[in-house]
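Encoded as structure tokens, the structure appears first; notes follow it.
In my numbering, the protein residues as written are 331 to 387.
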């Protein structure tokens, strides 16, 4: 989690919602991909918890 804290301090964890074709896309920053061992094609689930968006494998 040290890498996540470094990325947060460098503002590398802030992303924008983008329009790609007819879809809206959020890019997951590389430090999170690595820390959570996420893989391309892996399914993730959005949840709303206490007014926050949460993305989990």
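Each residue gets a CB set at the ideal place from its N, CA and C atoms; glycine is no exception.
Quantities reported herein were computed from a predicted structural model and do not represent experimental measurements.
Nearest to residue i (by Cα), restricted to the options the options
i: residue 347; options: 359, 381, 370 and 332; result: 359
Host beta strand (DSSP E) of residue i (start-end)
i: residue 358; result: That residue, residue 358, is in no beta strand (DSSP E); it is neither H nor E in DSSP.
i: residue 349; result: 348-350
i: residue 379; result: 375-379
Supposed contact pair residue j and residue i - C-beta distance, whole angstroms, cut 8 Å
i: residue 386; j: residue 377; result: 7 Å
N-terminal and C-terminal residue of the alpha helix (DSSP H) that residue i is part of
i: residue 335; result: 332-339
Inter-residue spacing [alpha-carbon to alpha-carbon] between residue i and residue j
i: residue 339; j: residue 381; result: 24 Å
i: residue 345; j: residue 335; result: 16 Å
i: residue 365; j: residue 384; result: 16 Å
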